[in-house]
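These notes are about the structure you will find just below.
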Amino acid sequence: MGDVLLLLVLIPVLAAILTLFLPAGSKSLIRGVALVGTIIPTLFAVVAYASFGHNTTGFQDVFSTTWFTINNAFSGTPLAIQFGFAVDGISMPLVLLVGVVSVLAVIRNFAIDTRVKAHYFWMLLLIAGLYGAFAAADMFSFFFFLEATLVATYFLIAIWGNERRQYAATKFLIYRGFASVVMLAGLIGLAYSFASQLQATTISLVVPYEPNYLTLSLTQMASVVGHVNLPAATQGGLFLVFLLAVLIEEAFVPFHTWLADTHEQSDTGTNMLIGGVLMKIGLYALIRFAVTFLPQGLHEYGTLVAVLGVISILYGALVALASRDWRRLIAFSSISHMGLVLLAIGSMQAIGLQGAVFMLVSSGLLTALMFFTVGAQADRTKTFTIGELGGLSRPLPVLSGVMLVAALGLVGLPGLSGFVSEFTLFVGSFARFPALSIVATIGMILAALYLLFAMQRTTFGPQKPEYAGLKDARAIEYIPMVVLIALVIWIGVFPSILGDVVHGTVQAIAARIGG
Amino acid sequence: MTQLAWLVPVLPLAAYVLLLIAGRRISEASITGLSVIAVLISFIVSLFVMGDVAVHGQSPAVVYNWLPFGLHPITMGFQVTSLNALMLVVVSLVSTLVLLFSRSYMHGDDRFSRFYQYLNLFVFSMLGLVISPNLLQFYIFWELVGVCSYLLVGFWYFKPEAAAAAKKAFIVTRIGDVGLFIGIILIYLASGTFNFQDLFSSSTLAPVGSWFAVHGLAGFTHVPVFGMSAPGFVTLVALLVFVGAVGKSAQFPLHVWLPDAMEGPTPVSALIHAATMVAAGVYLVARTFPLFGASPAASETVAIIGGITALLAATIGLTQRDIKRVIAYSTISQLGYMMIGLGVGAYVSGMFHLMTHAFFKALLFLAAGSIIHAVDTQDLREMGGLRKLMPITHITFLAGALALAGIPPFAGFWSKDAILSAAFSSGHYVLWAMGLLAAFFTAFYIFRVYILAFGGTYKGKKHPHEGGVAMTLPLIVLAILATLAGFINAPFSPWLSRFLQQTQTIGIDPAANWGLMALSAVIGLLGIWLAFYVYGKEGRAQRLADRMGFLYQLSYHKFYFDEIYNVVIVLPIHYLGELLQFIDRWIIDGIVRLLGEAGYASGFSLKYSNTGQVQTYGLVTLLGVVIVAAVLLGIGGVL
Chain A
1 MGDVLLLLVL IPVLAAILTL FLPAGSKSLI RGVALVGTII PTLFAVVAYA
51 SFGHNTTGFQ DVFSTTWFTI NNAFSGTPLA IQFGFAVDGI SMPLVLLVGV
101 VSVLAVIRNF AIDTRVKAHY FWMLLLIAGL YGAFAAADMF SFFFFLEATL
151 VATYFLIAIW GNERRQYAAT KFLIYRGFAS VVMLAGLIGL AYSFASQLQA
201 TTISLVVPYE PNYLTLSLTQ MASVVGHVNL PAATQGGLFL VFLLAVLIEE
251 AFVPFHTWLA DTHEQSDTGT NMLIGGVLMK IGLYALIRFA VTFLPQGLHE
301 YGTLVAVLGV ISILYGALVA LASRDWRRLI AFSSISHMGL VLLAIGSMQA
351 IGLQGAVFML VSSGLLTALM FFTVGAQADR TKTFTIGELG GLSRPLPVLS
401 GVMLVAALGL VGLPGLSGFV SEFTLFVGSF ARFPALSIVA TIGMILAALY
451 LLFAMQRTTF GPQKPEYAGL KDARAIEYIP MVVLIALVIW IGVFPSILGD
501 VVHGTVQAIA ARIGG
Chain B
516 MTQLAWLVPV LPLAAYVLLL IAGRRISEAS ITGLSVIAVL ISFIVSLFVM
566 GDVAVHGQSP AVVYNWLPFG LHPITMGFQV TSLNALMLVV VSLVSTLVLL
616 FSRSYMHGDD RFSRFYQYLN LFVFSMLGLV ISPNLLQFYI FWELVGVCSY
666 LLVGFWYFKP EAAAAAKKAF IVTRIGDVGL FIGIILIYLA SGTFNFQDLF
716 SSSTLAPVGS WFAVHGLAGF THVPVFGMSA PGFVTLVALL VFVGAVGKSA
766 QFPLHVWLPD AMEGPTPVSA LIHAATMVAA GVYLVARTFP LFGASPAASE
816 TVAIIGGITA LLAATIGLTQ RDIKRVIAYS TISQLGYMMI GLGVGAYVSG
866 MFHLMTHAFF KALLFLAAGS IIHAVDTQDL REMGGLRKLM PITHITFLAG
916 ALALAGIPPF AGFWSKDAIL SAAFSSGHYV LWAMGLLAAF FTAFYIFRVY
966 ILAFGGTYKG KKHPHEGGVA MTLPLIVLAI LATLAGFINA PFSPWLSRFL
1016 QQTQTIGIDP AANWGLMALS AVIGLLGIWL AFYVYGKEGR AQRLADRMGF
1066 LYQLSYHKFY FDEIYNVVIV LPIHYLGELL QFIDRWIIDG IVRLLGEAGY
1116 ASGFSLKYSN TGQVQTYGLV TLLGVVIVAA VLLGIGGVL
């Protein structure tokens, strides 16, 4: 099954290359290629998810091949740089999330009519990068794909964005570029300190390992992680490096101002990919690298992580309350929800981590749905400004209804995916930080406040004459709405569809880090 | 039969799904028929379930795995206890009648089918709440009834008042819900389970120790009780659970949402905001009664909040001019009585009053709905003279009013007096006195409504007449129940008391005190007399209001709760949001932009996106990054 993961990345790339050879005028053909190039990987992702073994806790579907080798300063033997892919209970759901959101974003952006060829080229590269970042089982591969998303997203914003797109794109590039550099420092530090510690241990390894001990392969590192005890100071230092990278990458307060600009200036499909998937990579990386390999760092700075999370929860929610633009509101709402994930990670509990993964998936689906419906209404009303809308339930009953479902999902209504995520992660966080968690629950009230307040001003109220003749959802718009709502309800009502996959892995991590 | 109890909520759910699929294509009559029959069958099944429980006793929970969760998966399922069975019957019965009533009330609304969808969804959620075997499932349905309430209060979404009221209802109850949410999590962390059965198994009212008998199930190495003593922790948890009940049951100080919720269609007010959902808070306290039994401080709090609410709301009810608002304040007040009952330990009396109140309050609301339907206004000053014009509505409303006023032998008399007796006999004399005073006000305000609506001559311009049989039949059935339901637990035939306590005694159930009962009956009659005195002659009411001056204003303006909350809570939050927004824009992002400007000035910028050859640039950038990464790795020794 290992090849499946490779195909997830390869097919969108091939499709992107294929678009380059198509005439720019044949827009339908390009759209078709893009659609096929995203649907096939999604089907593979579904197959991988369905065949995912629930009883093993480590990596599955491992694929790895040496790409090139370089000399390294650590030892005489050359270091093999690999393309390595594998999934475990944490990355598998996120890989499938990429699959779901990517197809829907491609469909949504059929509406884009300018420079279609370039648009889908970058979008397909972005999608490949997203798959690659989540499916990577090798630090180099991870970083490579992370950079691919950075570049692709930059062009998507800079070319197809709104009036202030240049500004927003540059801001995006600077922030995330800087985050990447910090992340890279963390990854290199982790690889070297891991290797030197491994060399220092005299145990006879039960697993085959690279002779020079230096590896970037997560599967190899995972196989010996039980034998490697990095010094506490190293763990702490590296943890802070990763934490800084993630704070910028995930737009946590105070490194958050780029996200609202990004969302405000991007087109709807790109926003679905950014808000739905791209904004989950940072926290995923925190779990994947920092939590897994630097447990003592988490021990030491867990409280800091949780406090930063709570700050973002409350700050994001309060600013969302004052936001006048739907896209900015969603951006701040997303910051607030990602703060919950940070709080859960800080808790070091298996249940907290499970809730964190649930929240990443749930927030991804709901944010994508929210951006989709907000974009769909703006296609009609020509505005995202909350104060200019009103009474849309009458001309747009279906879109308004779906928007309400998305809003209630973000509010954490049971029966939708948001609740089970919030509940699970709060059980984890209360176990370690009861007082802090109580403060964080204020965010639950504020979420209801800003979302229902905005809904009241958007869909409720008397119909405005200028919106009287608007046409409700078209057939093609039903696809993203139905798919996303179905998944959100499915996870909300039968959470074991997600829980069975996540559970084993988080239990294993928590057992090792002593949560 | 208890094994089939799952059918009770599932039937309305099926009706909801059917209407969701086919609702637009079938007639109003079919929509009503489908819904009424589904819920009627639910009611019949509930009756059988209740009979089964009465004969064979309670049955253990039936559960299925729901979510892997730490060492023990979370389960979901259903459970039938005496308490659940009683609630199933009450909820499904009132629901059936309201669904029938809505046929005429909502006739012609262009979202008729949607209305029935929401109502069915609500009935499903409420019944699901009732038979939940664990706290988490309870909470899930608890939120679902809340969202149904939101949807139904805001059903006429184009009315700005309705939109505002729906949001207010959701957010205010959400504050309570968060308390409950925290309480449930703390209970889980301390005990390792959500299941009522496991939480309260050893002995229902045993001392605190039994709470921790189950501790350790979850494998947590420490008990996160904030370093509190076990009794302190139990009190904290009980109070958190009660916060949830305060929100849902519109108790002081979170009562402000319920009167506004009257913006919803009247059948909704009858079903959700009188008979069922708002009683869920009371039901929650009853369901977790051992928790309150283990904490005297928490129980006292319940009783005191109940007492304050009962009196406060009754006082406000005296002066309101909107017929639905009077009845809404009456609901808040009556829920306060139930809380007094549970707080002083009178478990059976509290539930008894919940049941009788469901009947007579649904009746009063539906009768009010019948009036509003006929006269097209909710303002009491534009009614009058309906006694002759709407005889069935008149006689049924009168039955409800007498039940509410606590006049024997109507249902409310028996249940309210059971609560007041329990308060008295348990030594809560102040609460008893507050309850008695509230009873006096109650009798006054409901007969004020009765006189203004039915007495004198009609002041409006329409030609009021009774609605169809779909309207009058539910009124008649409820009127019979409001008249007779009290005998299910009258002092001489305490069937309900035996039913609810068939396995063990729960709380206190003091013997009837005939002296107290006579006293409160007299108080009720006095209130009625005063109403007739004041409103019997033109001008007396106005003079009384003038003489009361400040007190009248206080009552009429609902003690200014909304205004105070607005100034103390709502506005500060919004201002804080605006302030942070400002700081965000001009200070945090301002610094960022300043740095950016500095960057541009020194020529160090990243603005290379203006050319046409974007793809080329992209590839170059990508390649560049890869090379940088590779080189960094190669010379990684620098780290």
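Here the protein sequences line up with chains A and B, keeping their order.
Position 145 (the first sequence) corresponds to 145 in my numbering; numbering is contiguous.
Take any residue in the second sequence, count from 1 to its spot, add 515: that is its number in my numbering.
Glycine residues also receive a C-beta, built at the ideal position from the N, C-alpha and C atoms.
Open item on the list: At the level of alpha carbons, what is the spacing between B/A728 and A/I345?
Closed with: Position 213 of the second sequence, counted from the first residue, corresponds to residue 728 of chain B. Position 345 of the first sequence, counted from the first residue, corresponds to residue 345 of chain A. Low confidence applies here, because B/A728 scores a pLDDT of 37, under 50, leaving its location unreliable and the question unanswered by this model.
Task: Residue of A/V374, A/F293, A/E249 minimising C-alpha distance to A/A472 - done: The residue given as residue 472 of chain A occupies position 472 in the first sequence. According to the sequence displayed, residue 472 of chain A carries Asp and not Ala. Answer by Cα proximity: A/V374.
Task: Interface residues of chain A facing B/E778 [CB-CB closer than 9 Å] - done: Translated into positions along the second sequence, residue 778 of chain B becomes position 263. In chain order: nothing, as chain A lies at least about 11 Å away.
TODO: Using a Cβ-Cβ cut-off of 9 Å, state whether A/V310 counts as contacting chain B.
DONE: The residue labelled residue 310 of chain A in the question sits at position 310 within the first sequence. For A/V310, the answer is no, since every Cβ of chain B falls outside 9 Å of its Cβ.
Task: Own chain residues within Cβ distance below 6 Å of B/L522, not counting five before or after - done: Counting from one through the second sequence, the residue named residue 522 of chain B turns up at place 7. Cβ neighbours of B/L522 beyond the five flanking positions: V560.
Open item on the list: Taking the beta carbon of A/W122 as the centre, do at least 16 other beta carbons fall within 10 Å, making it buried, or is it exposed?
Closed with: Taking the first sequence and counting its residues from 1, one reaches residue 122 of chain A at position 122. So A/W122 ends up on the buried side.
Open item on the list: Suppose contacts are defined by Cβ-Cβ distances below 9 Å. Is A/F252 in contact with A/L187 by that definition?
Closed with: Here residue 252 of chain A refers to the residue found at position 252 when the first sequence is read from its first residue. Here residue 187 of chain A refers to the residue found at position 187 when the first sequence is read from its first residue. Cβ distance not < 9 Å, so A/F252 and A/L187 don't count as in contact.
Task: Where the stretch 366 to 396 of chain A meets chain B: residues whose CB sits under 7 Å from a CB there - done: G391, S393, R394
Open item on the list: Counting only beta-carbon separations shorter than 9 Å, does A/H503 have a partner in chain B?
Closed with: The residue given as residue 503 of chain A occupies position 503 in the first sequence. It does; some Cβ of chain B falls within 9 Å.
Task: At least 3 beta-carbon pairs within less than 8 Å: the stretch 847 to 862 of chain B vs the stretch 824 to 834 of chain B - done: yes
Task: Residues bridged to A/T65 (per DSSP) - done: The count along the first sequence starts at 1 and reaches residue 65 of chain A at position 65. BP columns for A/T65 point to A/F83.
Task: Collapsed DSSP secondary structure at B/D567 in the structure displayed - done: Within the second sequence, numbered from 1, the residue matching residue 567 of chain B stands at position 52. Here B/D567 sits in helix by DSSP.
- [ ] Please specify which runs of the beta strand (DSSP E), each continuous and at least 3 residues long, are wholly inside the stretch 139 to 191 of chain A, giving them in chain order.
- [x] none
Task: B/I700, DSSP secondary structure in three states - done: On the second sequence, position 185 is the one that residue 700 of chain B refers to. In this structure, B/I700 counts as helix in the three-state DSSP scheme.
- [ ] Answer with yes or no whether the minimum CB distance from B/V645 to chain A is below 9 Å.
- [x] Looking up residue 645 of chain B in the second sequence gives position 130. Closer than 9 Å: no.
Open item on the list: Checking the sheet assignment: what are the DSSP bridge partners for B/V578?
Closed with: For this step, residue 578 of chain B is matched to residue 63 along the second sequence. Answer is B/G592.
TODO: Report the neighbours of B/A678 on chain A: residues whose CB is nearer than 7 Å to its CB, in chain order.
DONE: Your numbering for residue 678 of chain B matches position 163 in the second sequence. Those are Q456, F460, G461, listed as they occur along chain A.
Task: Which of helix, strand or coil DSSP assigns to A/I70 - done: Here the question's residue 70 of chain A lines up with position 70 in the first sequence. Note: A/I70 maps to strand in three-state DSSP.
Open item on the list: By the three-class DSSP mapping on this structure, what secondary structure does A/D500 have?
Closed with: Translated into positions along the first sequence, residue 500 of chain A becomes position 500. Here A/D500 sits in helix by DSSP.
Open item on the list: Taking CB distances under 9 Å as the criterion, tell me whether A/R512 reaches chain B.
Closed with: For the purposes of this step, residue 512 of chain A is identified with residue 512 of the first sequence, where counting begins at 1. No, because no Cβ of chain B sits closer than 9 Å to the Cβ of A/R512.
Task: Beta-carbon proximity list for B/D624, same chain, < 7 Å, skipping 5 on both sides - done: Counting from 1 along the second sequence, the entry for residue 624 of chain B is found at position 109. The answer, listed in chain order, is F630.
Open item on the list: Less than 9 Å between the beta carbons of B/F962 and B/G1042, yes or no?
Closed with: Taking the first residue of the second sequence as position 1, residue 962 of chain B is located at position 447. Taking the first residue of the second sequence as position 1, residue 1042 of chain B is located at position 527. Yes, they are a contact pair.
Open item on the list: Please tell me whether A/A344 has its Cβ less than 9 Å away from any Cβ of chain B.
Closed with: In the first sequence, counting from the first residue as 1, residue 344 of chain A sits at position 344. Not closer than 9 Å to any Cβ of chain B, the Cβ of A/A344 fails to qualify, so no.
Task: Residues from the stretch 268 to 291 of chain A in contact with chain B, defined by Cβ distance under 8 Å - done: none
Open item on the list: Measuring CB atoms only, is the stretch 328 to 348 of chain A touching the stretch 435 to 455 of chain A, in the sense that at least three cross pairs come out at less than 8 Å?
Closed with: yes
Task: Inter-residue Cα distance where the pair is B/A813 and B/L651 - done: The residue you call residue 813 of chain B lines up with position 298 of the second sequence. The residue you call residue 651 of chain B lines up with position 136 of the second sequence. Cα to Cα, B/A813 sits roughly 21 Å from B/L651.
Open item on the list: For chain A, check one thing: does any of its Cβ atoms lie closer than 9 Å to the Cβ of B/A681?
Closed with: The residue labelled residue 681 of chain B in the question sits at position 166 within the second sequence. B/A681 counts as touching chain A.
- [ ] Determine the chain A residues that contact B/I1103 at a beta-carbon separation under 7 Å, and present them in chain order.
- [x] Here residue 1103 of chain B refers to the residue found at position 588 of the second sequence. Those are P254, T257, listed as they occur along chain A.
TODO: Identify the contact partners of A/G499 in chain B, using a Cβ-Cβ distance below 8 Å as the criterion.
DONE: Position 499 of the first sequence, counting from 1, holds the residue named residue 499 of chain A. Ordered by position in chain B, the residues that pass the 8 Å Cβ test against A/G499 are L582, P583, F584.
- [ ] Out of A/V502, A/Y175, A/V100, point me to the one whose CA is closest to A/A350's CA.
- [x] Working through the first sequence from its first residue, we reach residue 350 of chain A at position 350. Among A/V502, A/Y175, A/V100, the Cα nearest to that of A/A350 is on A/V502.
- [ ] Given a cut-off of 9 Å, decide if B/T911 and B/L993 are closer than it, judged by their beta-carbon atoms.
- [x] Here the question's residue 993 of chain B lines up with position 478 in the second sequence. Here the question's residue 911 of chain B lines up with position 396 in the second sequence. Yes, the Cβ-Cβ distance between B/L993 and B/T911 is below 9 Å.
- [ ] Measure the CB-CB distance between A/K27 and A/D113 and report whether it falls below 9 Å.
- [x] In the first sequence, the residue the question calls residue 27 of chain A occupies position 27. In the first sequence, the residue the question calls residue 113 of chain A occupies position 113. Taking 9 Å as the Cβ cut-off, A/K27 and A/D113 qualify as a contacting pair.
Task: chain A within 9 Å of B/H1089, Cβ atoms only - done: Taking the second sequence and counting its residues from 1, the one referred to as residue 1089 of chain B is at position 574. Yes, B/H1089 lies at the interface with chain A (some Cβ there is under 9 Å from its Cβ).
Open item on the list: Can you check which of these residues, B/G860, B/V771, B/G762, B/A882, is closest to B/T781 by C-alpha distance?
Closed with: In the second sequence, residue 781 of chain B corresponds to position 266, counting from 1. The residue with the shortest Cα to Cα distance from B/T781 is B/A882.
TODO: Kindly indicate which residue of A/T505, A/A475, A/R176, A/F21 has the alpha-carbon position closest to the one of A/N55.
DONE: Walking along the first sequence from the start, residue 55 of chain A turns up at place 55. Considering only alpha carbons, the answer is A/T505.
Open item on the list: Quick check: what's the CA-CA separation for B/L732 versus B/A705?
Closed with: Here residue 732 of chain B corresponds to residue number 217 of the second sequence, with the count starting at 1. Here residue 705 of chain B corresponds to residue number 190 of the second sequence, with the count starting at 1. Residue confidence is low: B/L732 scores 32 on pLDDT, short of 50, so the model does not pin down where it sits. Its coordinate-derived value is still stated next. Roughly 9 Å separates the two Cα atoms.
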